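Data block below; observations after.
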Amino acid sequence: MNHLPTLITDLALILGSAGIVTLIFKKLKQPVVLGYIIAGLLVGPNMTLYPTIGDIEGVKSWGEIGVVFLLFALGLEFSFKKIAKGGGSSAIAGIFEVACMTILGYATGRFLGWSQIDCMFLGGIIAISSTTIVFRAFDELGLKTRRFAGVVMGILIIEDLAAVLLLVLLTTLSVSRDFEGSQLLFSIGKLFFFLCLWFLAGIFLLPSFLKRVRNLMSDETLLVVSCGLCLLMVVVASSVGFSAALGAFIMGSILAETTEAEHIDKLVKSVKNLFGAVFFVSVGMLIDPKLLIEYAGPVLLITAVVIIGKTVNVTVGALLSGQPLKQSVQSGVSLSQIGEFSFIIATLGLDLKVTSSYLYPIAVGVSVITTFTTPYMMKLANPLYNWLVKVLPNRWLRAIDRYSAGTQTIQAESDWKKVLRAYGGIIIINGVMIVAVVLLTSYYVAPFISREINNARLATAISIFIAFGIMSPFLWALMVKQVRSEHSRFLWLDNKYNRGPLLMLEASRNVIAVLLVGFLFRQFFSFWLSIGIAAVIMAIVLLIFSKKLQSFYQRIEKRFITNLNDRETIEYVDGKEDLSPWDAHLAYFDVSPNLDFIGKRLIDLGWREKYGINIASIERGNNFIRTPTREEVIYPYDKIAVIGTDQQMQNFRPVIEAQKSEPPTQEDEMVLDKIIVDSHNHLTGKTIRNSGLREKTNGLVVGIERNGERILNPHSDTEFAWDDIVWIVGDKKKIEEF
Numbered sequence: 001m002n003h004l005p006t007l008i009t010d011l012a013l014i015l016g017s018a019g020i021v022t023l024i025f026k027k028l029k030q031p032v033v034l035g036y037i038i039a040g041l042l043v044g045p046n047m048t049l050y051p052t053i054g055d056i057e058g059v060k061s062w063g064e065i066g067v068v069f070l071l072f073a074l075g076l077e078f079s080f081k082k083i084a085k086g087g088g089s090s091a092i093a094g095i096f097e098v099a100c101m102t103i104l105g106y107a108t109g110r111f112l113g114w115s116q117i118d119c120m121f122l123g124g125i126i127a128i129s130s131t132t133i134v135f136r137a138f139d140e141l142g143l144k145t146r147r148f149a150g151v152v153m154g155i156l157i158i159e160d161l162a163a164v165l166l167l168v169l170l171t172t173l174s175v176s177r178d179f180e181g182s183q184l185l186f187s188i189g190k191l192f193f194f195l196c197l198w199f200l201a202g203i204f205l206l207p208s209f210l211k212r213v214r215n216l217m218s219d220e221t222l223l224v225v226s227c228g229l230c231l232l233m234v235v236v237a238s239s240v241g242f243s244a245a246l247g248a249f250i251m252g253s254i255l256a257e258t259t260e261a262e263h264i265d266k267l268v269k270s271v272k273n274l275f276g277a278v279f280f281v282s283v284g285m286l287i288d289p290k291l292l293i294e295y296a297g298p299v300l301l302i303t304a305v306v307i308i309g310k311t312v313n314v315t316v317g318a319l320l321s322g323q324p325l326k327q328s329v330q331s332g333v334s335l336s337q338i339g340e341f342s343f344i345i346a347t348l349g350l351d352l353k354v355t356s357s358y359l360y361p362i363a364v365g366v367s368v369i370t371t372f373t374t375p376y377m378m379k380l381a382n383p384l385y386n387w388l389v390k391v392l393p394n395r396w397l398r399a400i401d402r403y404s405a406g407t408q409t410i411q412a413e414s415d416w417k418k419v420l421r422a423y424g425g426i427i428i429i430n431g432v433m434i435v436a437v438v439l440l441t442s443y444y445v446a447p448f449i450s451r452e453i454n455n456a457r458l459a460t461a462i463s464i465f466i467a468f469g470i471m472s473p474f475l476w477a478l479m480v481k482q483v484r485s486e487h488s489r490f491l492w493l494d495n496k497y498n499r500g501p502l503l504m505l506e507a508s509r510n511v512i513a514v515l516l517v518g519f520l521f522r523q524f525f526s527f528w529l530s531i532g533i534a535a536v537i538m539a540i541v542l543l544i545f546s547k548k549l550q551s552f553y554q555r556i557e558k559r560f561i562t563n564l565n566d567r568e569t570i571e572y573v574d575g576k577e578d579l580s581p582w583d584a585h586l587a588y589f590d591v592s593p594n595l596d597f598i599g600k601r602l603i604d605l606g607w608r609e610k611y612g613i614n615i616a617s618i619e620r621g622n623n624f625i626r627t628p629t630r631e632e633v634i635y636p637y638d639k640i641a642v643i644g645t646d647q648q649m650q651n652f653r654p655v656i657e658a659q660k661s662e663p664p665t666q667e668d669e670m671v672l673d674k675i676i677v678d679s680h681n682h683l684t685g686k687t688i689r690n691s692g693l694r695e696k697t698n699g700l701v702v703g704i705e706r707n708g709e710r711i712l713n714p715h716s717d718t719e720f721a722w723d724d725i726v727w728i729v730g731d732k733k734k735i736e737e738f
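Using full-length UniProt numbering, the letters of the sequence shown correspond one by one to residues 1 to 738.
Okay, structure coming up:
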């Protein structure tokens with residue numbers, strides 16, 4: 001008989017046990033993750049009533065692959081742009097909660113008499129909630145459409161980012177044993193630099209590559225290429241001193257901005273589920289029931305710290321971010337658990353051999369208990385809110401309402417903030433690229449040329465020439481590129497107070513450029529000589545080649561922006577802009593001059609009543625009519641924007657008898673967006689007609705989500721209720737202002 005490798009036998013035992021246990025957990029309506037952990041406990045070395053695996057180290061290796069694909073899949077669901085656009089309140093709440101829970105975990109460990117490194121890992125373990133458990137509980141309790149669910153999802157994304165940062169910092173601290181602030185700042189700076197570099201390079205290269213080879217890509221090829229890119233980034237991240245998990249997450253987040261993101265996500269899902277199952281089984285294998293019994297006290301104490309601490313800190317963080325009290329309490333109780341990332345952080349401590357043996361099973365025990373309590377905590381939200389309303393002084397409640405409303409109505413950003421953000425973007429993006437070129441030259445290009453050319457001066461000159469040639473477009477942008485916006489023009493006109501600071505900004509970015517180029521020359525010459533040479537060469541090159549550098553940089557910038565927005569652009573043009581839950585979208589039609597309804601009013605045509613569609617806008621020559629009234633007349637060659645579902649569009653198309661047109665390119669963009677009815681906008685109890693929404697947004701209410709029910713094309717006498725999700729089509733700027 002041929003010898004069967006131990007790993008295959010172990011995988012058969014692991015997957016067979018996991019399959020049986022998870023079927024039981026599915027029947028009991030419990031999270032599958034817990035089933036995997038129980039299966040791992042059964043096949044692990046600490047249980048003798050069940051067959052035990054033979055190669056623990058081999059299974060651990062498969063578990064590490066599971067971590068890689070879990071983080072890769074998480075990155076595919078992540079979007080830096082969404083965080084930048086709408087994650088302000090979630091960022092405040094998430095950062096506050098993670099910081100407080102990390103400190104609380106550290107303090108709890110010190111109270112228990114643990115070592116400093118154990119306390120630090122405990123802080124990281126209890127700081128991160130479980131995305132899987134929260135999603136599952138929201139599904140079971142029907143809470144996905146509630147207003148607070150969006151806040152919770154935003155906080156979870158911030159926690160995931162914080163977890164990636166904690167993995168890097170804890171690894172650095174564990175290896176160096178250096179707890180000084182300078183080491184932490186260096187680690188954070190290094191992480192920020194490489195995150196920017198990988199993201200910029202990835203967005204510039206990968207979307208273009210995937211578009212060019214799209215015709216050659218089958219599902220199998222795309223899966224292989226995606227997994228290959230993921231593992232390649234894992235190797236790159238490890239080579240510069242970061243964790244494999246970070247590399248997988250970064251590659252996932254880069255691919256998330258491509259047009260193939262959804263396709264890749266579907267293909268990778270089965271791979272993630274398979275290796276993720278092995279990872280969670282390996283988590284259960286390391287549980288020692290004797291240690292759990294021995295440390296039952298710390299398990300219960302830390303469980304209480306997690307449930308109470310997260311509920312309080314998330315609630316306070318949400319209040320600080322401007323959420324009303326009710327939604328803050330609902331968010332707090334929803335995140336009162338720990339999960340997948342906690343296992344990963346605990347596993348990191350074991351792999352680095354820096355944490356005590358009891359920390360891992362304690363973390364798993366706390367996770368199991370808090371997983372079971374999560375649905376009950378969510379059900380406790382309304383009673384807890386009602387109790388707080390009765391207990392808290394009225395002046396506190398009024399102050400919370402005023403603060404919450406104030407944070408929503410205050411002008412989001414000043415002119416200076418927007419101008420500083422623009423300058424910051426130019427300096428950071430181009431500075432990162434210049435530093436990357438310098439490091440590439442110092443560590444790879446210059447040594448290679450020195451080996452190939454015996455003349456040292458000639459080798460140095462060639463290395464500098466190559467580096468300067470590559471970085472020249474970015475130098476031009478850093479020194480010369482103008483910040484053209486109405487905000488900078490407005491500030492410049494106020495010459496009494498603003499021209500001086502604006503000139504200082506211009507001078508400072510030129511100084512930064514000289515220092516960065518001096519950093520390149522410093523690899524070969526003394527400091528002051530490097531600065532002098534840099535200033536002279538930069539002045540000469542930028543004066544002579546300024547227009548060519550500008551043209552070249554603009555091509556680079558255009559390609560990057562196109563790749564970054566390609567996914568959203570294609571979704572918009574294809575008419576797939578999301579309008580949950582009806583799958584409605586905007587489509588544009590040209591009105592042919594020989595149609596029967598030319599010259600008729602919209603009220604006479606009755607398209608809304610017959611086909612369920614709404615006219616969002618009419619473009620007539622140079623005129624742009626937003627949300628036209630019922631009295632508006634249709635004329636030849638009008639370009640009309642129609643909102644409806646796929647089926648409604650199919651029924652309406654024969655009536656219009658024209659090909660769908662490209663969206664208008666005007667700045668007054670008509671969009672689909674949602675407004676949440678709460679204490680900020682004072683819509684509760686008002687009808688659609690009396691709310692003033694049409695006048696304030698140039699918009700049309702096309703749907704309302706209320707307690708899981710969907711009202712499409714609501715009557716104008718419909719009253720808004722608290723927590724309604726109102727879908728409106730109208731002027732993008734006015735909706736944002738509202």
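Backbone N, C-alpha and C define an ideal beta-carbon position, used for all residues, glycine too. Computed from a predicted model, the values in this text were never measured in an experiment.
Whole-angstrom distance between residue j and residue i, CA atom to CA atom
| i | j | result |
| --- | --- | --- |
| V281 | F275 | 10 angstroms |
| L49 | L41 | 11 angstroms |
| A587 | M433 | 40 angstroms |
| V677 | A91 | 22 angstroms |
| F249 | C119 | 26 angstroms |
| K353 | K60 | 15 angstroms |
| V316 | V514 | 45 angstroms |
| residue 740 | G309 | This structure does not reach residue 740, given that the chain is present from 1 up to 738, and the question cannot be answered. |
| F69 | G58 | 17 angstroms |
| E483 | Y423 | One point to set straight first is that residue 483 is Val, not Glu, in the sequence displayed. Whole-angstrom Cα-Cα distance: 7 angstroms. |
| F468 | I618 | 52 angstroms |
| S442 | L520 | 8 angstroms |
| E571 | D55 | Residue placement at E571 is flagged as unreliable, the pLDDT there being 47, under the threshold of 50; the coordinate-derived value follows with that caveat. Distance between the alpha carbons of E571 and D55 is about 48 angstroms. |
| I8 | T460 | 55 angstroms |
| F96 | E159 | 10 angstroms |
| Y385 | G113 | 36 angstroms |
Buried/exposed call for residue i, threshold 16 Cβ in 10 Å
| i | result |
| --- | --- |
| A277 | buried |
| residue 744 | Only positions 1 to 738 of the chain appear in the structure, and residue 744 is not among them; the question remains open. |
| L34 | buried |
| V32 | buried |
| A412 | Interpretation of A412 is limited by its pLDDT of 38, a score under 50 that renders its predicted location unreliable; no figure is taken from the coordinates. |
| K272 | buried |
| T562 | exposed |
| M479 | buried |
| K290 | exposed |
| F121 | buried |
| F279 | buried |
Backbone secondary structure at residue i - three-state DSSP
| i | result |
| --- | --- |
| K353 | coil |
| N588 | With the sequence shown as reference, residue 588 is identified as Tyr, and Asn is not the correct amino acid for it. In this structure, Y588 counts as strand in the three-state DSSP scheme. |
| A721 | coil |
| I158 | helix |
| V642 | strand |
| F597 | coil |
| N46 | coil |
| S617 | strand |
| W727 | strand |
| L392 | coil |
| N510 | helix |
| G55 | Here residue 55 is Asp; the residue named in the question, Gly, does not match the sequence. Of the three classes helix, strand and coil, the one that applies to D55 here is coil, per DSSP. |
Residue i beta carbon near the ligand NAP (any heavy atom closer than 8 angstroms)
| i | result |
| --- | --- |
| L173 | No copy of the ligand NAP occurs in the structure displayed, which carries no ligand at all. |
Selection from the options that minimises the alpha carbon distance to residue i
| i | options | result |
| --- | --- | --- |
| L71 | V164, W62, I625 | V164 |
| K686 | R653, K696, W722, I711 | W722 |
| I53 | T373, G63, L23, D10 | D10 |
| I428 | L516, T370, D638, W396 | L516 |
| T718 | D731, V729, K733, V702 | V702 |
| K733 | N430, G699, P714, R555 | G699 |
Nearest-angstrom beta carbon gap, residue j and residue i [assumed within contact, 8 angstroms]
| i | j | result |
| --- | --- | --- |
| I37 | V333 | Actually they are not in contact, since the Cβ atoms of I37 and V333 sit about 24 angstroms apart, beyond 8 angstroms. |
| S342 | I125 | 5 angstroms |
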